[in-house]
Amino acid sequence: MRSTSNFRLPFLLLLLPLFTLLPTSTQAAHEHLQVGVILDRATLIGNVSWTCIAMAAEDFYTTYPNYSSRLSLHWRDTDDEDAVSAASAALDLLQNAGVEALIGPQASSQAKFVAELGGRAQVPVLSFSASLPRARSSPYFFHTAWNGLSQATAVASLVNAFGWREVATVLEDSDYGAAFAPFLTDALQEVDVHVSCRSMVAPRATDAQIASELNKLKANRTRVFIVHMYSYSLALDFFNLTKSHGMMKNGYVWIVTYSLTDIVDLMGSSAMDLMQGVIGLSPLVRENETLHRLNQRWKEDLQFKFNVTTFGLWAYDTVWALARAAEDVRALNSSFMASNSTNSTDLGRLGKSLRGPELRRVLLSTSFAGLGGRFRLNGQVLESGSYEIVNLVDGGKRRIGLWSPTKGISLSNVNATDGGGVEWPGGGRRKPKGWECPIGGKELVVGVPVKPGFEQFININESSGPKGYCIQLFEAVMKEFSVNIKYKTFSNKQGESNGTYDDLVYHLSLQGFDAVVGDVTIRENRTQYADFTQPFTESGLAMVVPTRDARRKDAWTFLKPFSLSLWLASAAFFVFTGATIWLLEHRHNSDFHGVGPVLYFSFSTLVFAHRERLATNSGRLAAVLWFFVVLILQANYTARLTSMLTVEQLTPTVEDIDQLLRDGSAVGYLEDSFVQGLLKSLKFNESKIIPYQSAEDYHQALINGSVAAIVDEVPYLKVFMDKYCHKNFKMIGPIYKTSGFGFAFPKGSPFVGEVSRAILKVMQNNTLMQKLEESLYPTVCADMDTDTESSRLTFRSFWGLFLITGTTSLSALILHAIFFLRQRRPSLLNYVLSPLRRFGMMVQLFGQRGSSPQASEDPKPGEESTRSAVVLALPYAGAEGNGWRSPSSIASQDHGDAASQGDAAETWPQEEGASSR
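Its first residue numbered 21, the sequence shown is counted upward by one per residue in the working numbering.
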């Protein structure tokens, strides 16, 4: 049995409580409120609080000397662990001292009965250390300390900030621990943190009993522990045994609530040696001048080696709140109303305070800035503020963060990802992962499904154990951990059934396995019983259907190689190119007389059957580029037409799932799969839903027409397509969303997050994943083109060629026209003609053939034969009127004097009245 603390107060301190009871003349003139104080001076909290209460009463009336009321304190020293002694002291104070308010008791186990007495006597009971569950609180009980809900929320935020998903709780087996437990559980659930183990330690537990609880905690895989205790002596014994059990080393995390955070200050090095690396919460106290003076008096006058603790500050503020309230109710009658009960027991004769209800009302409305923070009661509980998060290290407490009700948690100079900035138990700086496996040599029992077909994923071999893609990937992932794996096949009933996958996952929730590995799809209903890692395969449902040749080989198949746009563009350029070459050649080339060659020449180039000779260089250039375009078009047309006539173009016989429903077709699925329920929900007739067990069954059913399609998950269908890699089938989809395959673990298992990260790491190893996928999909299937329209050639594929030949032909034509106009410009300018007639004259001149088929395209002036003269007479405007000149006259002027040149130019008679220019 542990010994109680022998903590002793200085002699001066023992006299302080007497100061408030001295019968002086000044005190006699004041209205007194009788106040009882129930504490256990054998404990550190009791001694510190006893001192702070006495100092608070003295400081208050020193600060407010004009107050007409005074608190008269009546002290009772009780056993902290004895509820009877506290109840007896309270009853004595109520009946014999006539107290109208009680401060204390110290322990939660004592507070229940004292609160009942206070409620019966209408006397407010203010406790700064004891807490009661809200349901059992008396209307006259006030908890003048921060509530457990805010502290539990801060603890849960701290756990969540470091990314731990599972914790174990260690609570004192008392009303103090029982009041905190529901707050902590709810707060952890809010951040999705699972409590894997709960331990309750009695205040008077022996070392053997504590060791038994530690062994239970150590056997659990969780390594994050939350400790909530009120007794310092119990806490020291607990951490002493924790260290001897090897649970204060690397990998462990200990988080303590504020009731234990001050233990390092109070106990010094003896506590620090046991709690090195522990993380604790402490109410944030703002430093000010009043608090500084109080701590200075605390150390200098009373010779304490530590500052006032949180409980001491709350005790101090409790006295100030009661003193303020006493001033407001001083005029009321301070007597007790006697009980009408005939009960002879002291409890039965307990009266009621006439001033109590008003004192209660005033306390509920009291608000001021206390040393421990803002004093304001909210539902009979002190309103909570912010917490500082401290790390217990050599030298004391080091702040690593803050938590506030409005802003949540904030870690300063701490990397929550790797724990940098925190000294953890064992002296490590790297954040513990929060769990360990195996624990105590325990193996990881892994359940695997048993079913025929698709052995590529999982194959049960009695001699060598489970094999397949899922097993290989799981073992590659688990190399990241020191785990001994034991595979166990799942049977729903002994020797009768292998069970469905839903049964397998549910069996995991019954702790039949530590994990489930296999081709288990992540489904919403399964997540109710297990947690899944991230998927390691493709997701979704698809369907495999037979294919047919989409190309119809009819009388008009020869038109299909080219799209309509390409046919129209080709025809347009045939005409354009023929017209261009005719314009360039007809004046000098007898092969291009008339308009017939315009179409014949260009279309004959399609089979290179033209026989016309080209006399001009520009015509030859345009023709050569056109021949190149024709060659390209002809080669592509021949190749595409050959492909259409000889190669099948396959399309699926079913386009979508709705077509199967409309046609009333039969569909196949994998037996014992959730796909059956999905197809029923899509309104498929149950008689049309046929189960199969393997890829071979799928193939046979599709070949013989038993089903129109197979609906299954993408990984299975990819295995099927890999095995039967030919043109007879097509996979369509995904047609429905699923989450893929995942590894399953019990709810709240810390494995889930760690294994998910390990899966990502393995999947980033391209060499390993390529090796695994080659075992799953050994064959590489060529992708079949099923788009009929994509086999046609379009104008878009050849517009560059058309642009080149069109630009060349047009340029040659423009240059030819420029040279022609340049030669004929003197002849056209010799006559005053209207623009329209001048254009007509130009056209007639351009249409006139040259002197020789082999003549140059651009003869020099004077070299053209007189046979090129225009046959038609052209109108002209002379100096004296209009008249007609013969073409030979025009020619003779264009080319010089006919007689001097020796040419026998033919002249036409001029009309009468016509004059020559």
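For each residue, glycine too, the CB sits at the ideal point set by N, CA and C.
Cα-Cα separation, residue i to residue j
i    : j    : result
I299 : L191 : 16 Å
N954 : K417 : Residue 954 lies beyond the residue range present for the chain, which begins at 21 and ends at 937; the question has no answer from this structure.
V497 : M789 : 12 Å
G697 : Y689 : 11 Å
L102 : R61  : A quick correction: the sequence has Asp, not Leu, at residue 102. Roughly 13 Å between the two C-alpha positions.
A944 : N705 : Here the chain comprises residues numbered 21 to 937, so residue 944 is not present and cannot be evaluated.
G392 : T281 : 16 Å
D807 : L670 : Because D807 carries a pLDDT of 47, less than 50, the predicted location of this residue cannot be relied on, and the following value inherits that uncertainty. Their backbone Cα atoms lie some 8 Å apart in a straight line.
P798 : D742 : 7 Å
T666 : S817 : 23 Å
V143 : A106 : 16 Å
V442 : V695 : 50 Å
M220 : K236 : 11 Å
L856 : L813 : 46 Å
A655 : S638 : 26 Å
V595 : R568 : 41 Å
R449 : G439 : 7 Å
A830 : L603 : Note that residue 830 corresponds to Leu in the displayed sequence, not to Ala. Rounded to whole angstroms, L830 to L603 spans 11 Å at the Cα level.
T445 : L702 : According to the sequence displayed, residue 445 carries Pro and not Thr. Cα-Cα distance, rounded: 57 Å.
L137 : N116 : 14 Å
Reference residue i, options the options, closest by Cα
i    : options                : result
V104 : Q696, V339, Q130       : Q130
Y196 : S232, G371, T205, Q126 : Q126
P486 : I505, Y657, E500, V349 : I505
D732 : F818, D539, A228       : D539
R381 : G392, K427, N398, G266 : N398
L651 : I709, T386, S590       : S590
Y712 : L737, T63, K703        : L737
I230 : E210, Y160, N260       : N260
L18  : D522, A135, Y81        : This structure leaves residue 18 out entirely; the chain is present only between 21 and 937.
S69  : L412, S149, G860       : S149
E495 : E482, I478, F510, S483 : I478
P938 : S128, L322, E210       : A question about residue 938 goes unanswered here, because the residues of the chain that appear run from 21 up to 937.
W819 : W587, G532, S289, Y718 : W587
P823 : N724, V649, V413       : In the sequence under discussion, the amino acid at residue 823 is Leu, which differs from the Pro named in the question. Comparing Cα positions, the closest option is V649.
Y250 : Y657, T63, D717, S483  : T63
I954 : A562, M664, E378, F815 : Missing from the structure shown is residue 954; the chain here goes from 21 to 937 and no further.
A110 : E186, V145, G860       : V145
F133 : N116, R313, G118, S108 : S108
E794 : A659, G488, L835       : G488
Whole-Å CB distance - residue i paired with residue j, under 8 Å assumed
i    : j    : result
W184 : G454 : 4 Å
L93  : A77  : 6 Å
V179 : V244 : 7 Å
I65  : F331 : 5 Å
L294 : L256 : 7 Å
S714 : A686 : Going by Cβ atoms, the distance from S714 to A686 rounds to 18 Å, so no, they are not a contact pair.
L699 : P566 : Not really, about 19 Å apart at Cβ, beyond 8 Å.
V468 : T509 : 6 Å
A764 : L493 : Contact doesn't hold; Cβ gap of about 14 Å is too wide.
Y272 : S302 : So it is not a contact: roughly 21 Å between Cβ atoms.
V284 : E558 : Their Cβ separation, rounded to whole angstroms, is 55 Å, which puts V284 and E558 out of contact at 8 Å.
S406 : A141 : Not quite, the Cβ-Cβ distance comes to about 37 Å (not below 8 Å), so this is no contact.
S170 : P425 : 6 Å
A198 : A172 : At roughly 13 Å, the Cβ-Cβ gap does not stay under 8 Å, so A198 and A172 are not in contact.
Checklist entry - Is the region 532–544 close to the region 752–768, with three or more CB pairs under 8 Å? => result Verdict: yes, contact present.
Checklist entry - What are the complete beta strand (DSSP E) segments, minimum 3 residues, inside the region 642–692? => result List check, beta strand (DSSP E) in window: 670–672, 687–690.
Checklist entry - Are at least three pairs of beta-carbons, each pair with one atom in the region 671–683 and one in the region 575–594, less than 8 Å apart? => result Segments in contact, no.
Item to check | Segments assigned alpha helix (DSSP H), at least 4 residues, entirely inside the region 508–592 | outcome: DSSP runs (the alpha helix (DSSP H)) wholly in the region 508–592: 521–529.
Item to check | Those runs of the beta strand (DSSP E) which lie wholly inside the region 695–775 and span at least 3 residues | outcome: Counting whole runs of 3 or more residues, the region 695–775 contains the beta strand (DSSP E) stretches 709–712, 729–733, 749–756, 764–766.
Item to check | Unbroken stretches of the alpha helix (DSSP H), 4 residues or longer, contained in the region 58–116 | outcome: Secondary structure in the region 58–116: the alpha helix (DSSP H) runs of 4 residues or longer, each lying completely within the stretch, are 64–83, 103–112 in chain order.
Next on the checklist: List, from N- to C-terminal side, the beta strand (DSSP E) runs of 3 residues or more that fit wholly inside the region 135–171.
Outcome noted: Counting only runs of 3 or more, we get 145–147, 161–166.
Checklist entry - Do the region 343–350 and the region 312–321 touch if we need at least three Cβ pairs shorter than 8 Å? => result The region 343–350 vs the region 312–321: no contact.
Next on the checklist: Which complete beta strand (DSSP E) runs does the region 282–359 hold, if anything under 3 residues is left out?
Outcome noted: Qualifying beta strand (DSSP E) stretches, in chain order: 299–303.
Checklist entry - Between the region 72–90 and the region 331–345, are three or more C-beta pairs nearer than 8 Å? => result Touching, yes.
Checklist entry - With a cut-off of 8 Å, do at least 3 Cβ pairs link the region 50–59 to the region 81–95? => result Taking a cut-off of 8 Å on C-beta distances, the region 50–59 touches the region 81–95, as three or more cross pairs fall below it.
Checklist entry - Which parts of the region 166–205 are runs of the beta strand (DSSP E), unbroken and 3 residues or longer, counting only runs that do not cross its ends? => result Listed in chain order, the complete beta strand (DSSP E) runs (minimum 3 residues) inside the region 166–205 are 186–192.
Next on the checklist: Quick check for students: name the residue ranges of the alpha helix (DSSP H) that lie wholly in the region 433–505, counting only runs of 4 or more.
Outcome noted: Listed in chain order, the alpha helix (DSSP H) elements of length 4 or more contained wholly in the region 433–505 are 489–498.
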